[in-house]
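Heads up: the protein sequence lines correspond to chains Z and C, in order.
Take 1 as the starting number for the first sequence in the numbering used here and just add one per residue.
Take 350 as the starting number for the second sequence in the numbering used here and just add one per residue.
Heads up, the beta-carbon is just placed ideally off N, CA and C, and yes, glycines get one too.
First up is the structure itself, then whatever we jot down about it.
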Amino acid sequence: MPELRYREALNAALREELARDERVILMGEDIGVFGGAFKVTAGLLEEFGERRVRDTPISENTIVGMGVGAAMVGLRPVVELMTVNFALLAFDQIVNHAAHIHYMFGGQARVPLVVRMPQGAGHQLGPTHSHCLEAMFMHVPGLLVATPSTPADAKGLLKAAIRDDNPVIFIEHESLYGVRGEVPDGDRAQPFGRAAVRREGGDVTIVGISRMAQTAARAAQRLQTDHGVSAEVIDPRTLRPLDLDTILHSVARTNRCVIVEEGWPHGGVGANLAALISEQAFDDLDAPVRRVTGADVPMPYSKPLEDIAYPHEPQVVAAVLEVLDLAPPDRQPTGGSAAVTTASTAEAR
Amino acid sequence: MPDLPEPDVAREWLETMTLIRRFEERAGEMYARAKIGGFLHLAIGEEASIVGAVRALRDDDYLVSTYRSHGHALVRGTPPGRVMAELFGRVDGCSGGRGGSMHMFDGARRFMGGYGIVGGNLPIAAGIGLASDFLGTEDVTLCVFGDGASNQGTFGETLNLAALWRLPVVFMVTNNQFGMGTSLQRHSAVTDLQRKGESLGVPGMRCDGMDVLDTHAVLHEAVERTRAERRPLLVEAITYRFRGHSMADPEEYRSREEVEQWRERDPLPAFAELLEREGALTAQERAEIDARARERVDGAVAFAEASPFPAPESLYDDVYVLGDQVRGWYSVRTT
């Protein structure tokens, strides 16, 4: 299997789908001549021309809306937004239009649109370029939401997204673009709604979202080495549809669950997942579901603050030890995991 | 004054305008009787701008409209019963009872939707234009929106992009003098709306939206220029709605006298009388047209009444396009 960087895997998926289906077009800010803000679309303008690969003005709501309209009458547009925060300018078209048109017109119209965007902290881009907003999109019926964490999934899920007849929010991670990984050869689309078990284990289930699937896997390694704890790591890969069954089956064996996400705690992916697990697998649990999340703050610029505003392995390790009763509850305000504890303590009063 | 079309064409325009008028009046009555819920935005007074514009399109051209779109469905040929059934929230509604008054749709007739978000339809129309251009067809998209939408960000964004990419879209701003209850003078620095696209590379035209002949003539020119030159135009139709913004509008922002003045220009009698003067319509034909419209609206109400409400088990239908996915594939059911 060849090894590709995450961005190269995305580029390969776009190239292959452009070649496979004449109806696929790319639109976005600086995706053509510039090659993409994160170089995901590098070389595609040269290969496919301006008719297929379109540089747009900085008009997010209209770019997405044009994708909606074009999709309704037969094209398969892939729109790139420069960061997830910019998608907020297009929320009207994403939620009121892309997500609802099939339903509100009684099934007569389809919107096979993909909106790609990176998210995530770590590059000191501050409060308007660094957030993780997958929970916002996941909230909306009518959207599919993918959060690939490996090069193989980046490619396979993007190919599946482009071929799907529904609007797909495809959330990449800025810190993963340079990560290498094996990518299977050939034309392989990864179906949505199938979680990946990244590591098998029997003591605890760790669910990691987007980049946090990788953080969770590293934490699991450390748990094994340092504490003799066998953690199972699950990457849902898509949040809508969500492969809840794989998570529940794992929890039925491990009886403990820690969810790791980079986004905010209130109304987050983990909040939702914890609710689903408590509703559907309460009797399997030997400890409360524990969340490790980003801190409940806008992402700060300053490096030391940014570092503690999203989860790292130590917080995941600590949370796992806590649900296994191997460590006292963590009450120190040291980043994302503490934010949840702090918030819930405040609510308890 | 533009030339009259052939008498049978002119009579069809009058008949469709009459159908829209009678339909809207009846919809208002049905709303008062609680047969229709939600918001109901009537186009009474705007019939000439609807029929004149849409009759300038070919059958293959696309139409994109707003939340005031019963007339746009009717003029495109959607059966009145299906439009009324949509208002009634019934299963035979043209959007299956999912959309209601603000979200009519008839894809088979290339009526690509009424849209409930002010300005939300402009990018969609441009996207349809992009697809027409990409696929190499001659189709033109007519995008209708109100004066209020000309202040939305999508107006500037979309006109710029449509001009930049030379998309075959005619943007038609139906200037009915009010963005909901705020008058044009109080909501737009530039009140000469046809000029609002100039700085974006979109030339403007204007028509008398109370006059079906003038509306048709100007829109016909705009549509054919757009088709030939592959670039967008902005057309302002000056019109007026005789009723409130919606049924929930006490109309405290305008005087009775102003409404009466505009009513003197009511496009229906104006056109009918013109046709009579020109010998294209007899008094008896005029009465028959009105009787037929009332009859069709009666039929529409009967059709809507007879249509069932959507079954509860259809609640989750068409949230997604499903392939071979298993049931419950996408959705979290908590009830």
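**Q.** DSSP state of A346 of chain Z mapped onto helix, strand, coil
**A.** A caution first: A346 of chain Z carries a pLDDT of 36, below 50, which makes its placement in the model too unreliable to give a value.
Q: Report the three-state DSSP secondary structure of V260 of chain Z (helix, strand or coil).
A: Residue state, collapsed to three classes: strand.
Q. So which residues of chain Z does N500 of chain C contact, with C-beta pairs closer than 7 Å?
A. Here the premise fails: no neighbours, minimum Cβ distance about 14 Å.
Q) Would a C-beta distance cut-off of 9 Å place L239 of chain Z and E80 of chain Z closer than the cut-off? A) For L239 of chain Z and E80 of chain Z, no; Cβs fall outside 9 Å.
Q) Where DSSP assigns a beta bridge to N524 of chain C, which residues make up the other side? A) DSSP lists C:I587 as partners of N524 of chain C.
Q) Using a Cβ-Cβ distance under 9 Å, would R404 of chain C count as near chain Z? A) Cβ-Cβ to chain Z under 9 Å: no for R404 of chain C.
**Q.** Whole-Å CB distance - V432 of chain C paired with V403 of chain C, under 8 Å assumed
**A.** A Cβ-Cβ distance of about 15 Å is found for the pair V432 of chain C and V403 of chain C, leaving them out of contact under the 8 Å criterion.
Q. Between the Cα of G67 of chain Z and the Cα atoms of C:Y464, C:I477 and C:V522, which residue gives the shortest distance?
A. Per the Cα distances, C:I477.
**Q.** Cutoff 9 Å: A121 of chain Z Cβ touching any chain C Cβ
**A.** Taking Cβ atoms only, chain C never reaches closer than 9 Å to A121 of chain Z, which makes this a no.
Q: Whole angstroms is fine: what's the gap from G462 of chain C's alpha carbon to A636 of chain C's?
A: A straight line joining the alpha-carbon of G462 of chain C with that of A636 of chain C spans about 32 Å.
Q: Indicate whether at least one CB of chain Z lies closer than 9 Å to the CB of P472 of chain C.
A: Taking Cβ atoms only, chain Z reaches closer than 9 Å to P472 of chain C, which makes this a yes.
Q. According to the neighbour-count rule (16 or more other Cβ atoms, all chains shown, within 10 Å of its Cβ), is L45 of chain Z buried or exposed?
A. A residue is called buried when at least 16 other Cβ atoms come within 10 angstroms of its Cβ; L45 of chain Z meets this threshold and is buried.
**Q.** Interface residues of the region 88 to 118 of chain Z facing chain C [CB-CB below 7 Å]
**A.** Correct list: D92, Q93, N96, H97, H102, Y103, M104, F105, G106, G107, Q108, A109 and R110.
Q. Terminal residues of the continuous beta strand (DSSP E) containing E182 of chain Z?
A. Boundaries of the beta strand (DSSP E) harbouring E182 of chain Z: R180 to E182, taken from the DSSP string.
Q | Euclidean distance between Cα positions of E374 of chain C and L368 of chain C | A | Rounded to whole angstroms, E374 of chain C to L368 of chain C spans 10 Å at the Cα level.
**Q.** Three-way DSSP call (helix, strand, coil) for F48 of chain Z in this model
**A.** Correct three-state label for F48 of chain Z: helix.
Q: Could you tell me the distance, in whole angstroms, from the CA atom of R382 of chain C to the CA atom of R194 of chain Z?
A: Computed Cα separation, rounded: 50 Å.
Q.
Classify P2 of chain Z: buried if its beta carbon has 16 or more other beta carbons within 10 angstroms, exposed otherwise.
A. Looking at its Cβ environment, which holds fewer than 16 other Cβ atoms inside 10 Å, P2 of chain Z is exposed.
Q. When DSSP labels each residue in this structure, what does M559 of chain C get in the three-state scheme?
A. Three-state DSSP puts M559 of chain C in coil, outside helix and strand.
Q) From C:H565, C:G550 and C:P581, pick the residue whose C-alpha is nearest to that of C556 of chain C; which is it? A) Of the listed residues, the one whose Cα sits closest to C556 of chain C is C:H565.
Q: Mind reading off the beta-carbon distance from L75 of chain Z to F483 of chain C? Whole number of angstroms is fine, and I expect it under 8 Å.
A: About 6 Å; that satisfies the 8 Å criterion.
Q: Please confirm if P298 of chain Z has its CB atom under 9 Å from at least one CB of chain C.
A: Taking 9 Å as the CB threshold, P298 of chain Z stays off the interface with chain C.
Q. How about A287 of chain Z and N255 of chain Z: do their beta carbons lie closer than 9 Å?
A. The answer is yes: Cβ separation under 9 Å.
Q | Supposed contact pair V323 of chain Z and R290 of chain Z - C-beta distance, whole angstroms, cut 8 Å | A | About 5 Å; that satisfies the 8 Å criterion.
Q: Answer yes or no: do A90 of chain Z and I25 of chain Z have a C-beta to C-beta separation smaller than 9 Å?
A: No, the pair does not count as a contact, with Cβ atoms beyond the cut-off.
Q: In the DSSP assignment, find the unbroken alpha helix (DSSP H) run with E374 of chain C in it and report its ends.
A: Its alpha helix (DSSP H) spans residues P356 to A381.
Q) Mapping DSSP to helix, strand and coil, what is L239 of chain Z? A) Reduced to three states, the DSSP call for L239 of chain Z is strand.
Q: Classify Y380 of chain C as buried or exposed, calling it buried when 16 or more other Cβ atoms lie within 10 Å of its own Cβ.
A: Label assigned to Y380 of chain C: buried.
Q) Hey, is the region 613 to 627 of chain C in contact with the region 412 to 426 of chain C, meaning 3+ C-beta pairs nearer than 8 Å? A) Counting Cβ pairs under 8 Å, fewer than three are found: no touch.
Q. Just the Cα atoms here: how many angstroms apart are V519 of chain C and C492 of chain C?
A. Taking the straight line from one Cα to the other gives about 6 Å.
Q: Return the residue from the list Z:L242, Z:P241 and Z:N61 that minimises the CA-CA distance to S501 of chain C.
A: This sequence places Gln at residue 501 of chain C; Ser is not what is there. Checked all of Z:L242, Z:P241 and Z:N61; the closest Cα to Q501 of chain C is Z:N61.
Q | Interface positions of the region 462 to 494 of chain C facing chain Z (Cβ-Cβ less than 8 Å), listed along the chain | A | Cβ contacts with chain Z come from G462, Y464, G465, I466, G469, L471, P472, I473, A474, A475, G476, I477, G478, L479, A480, S481, F483 and L484.
**Q.** Per DSSP, cross-strand counterpart(s) of V519 of chain C
**A.** Answer is C:L491 and C:L582, bridged to V519 of chain C.
(Q) Can you tell me whether Y301 of chain Z is buried or exposed? The criterion is at least 16 other CB atoms within 10 Å of its CB, across all chains shown. (A) Classification for Y301 of chain Z: exposed.
Q: Decide if the region 48 to 58 of chain Z is in contact with the region 93 to 112 of chain Z; the criterion is three or more beta carbon pairs, one per stretch, under 8 Å apart.
A: Short answer: they don't touch.
Q) Under the three-state reduction of DSSP, which class applies to V24 of chain Z: helix, strand or coil? A) The DSSP-derived three-state label of V24 of chain Z is strand.
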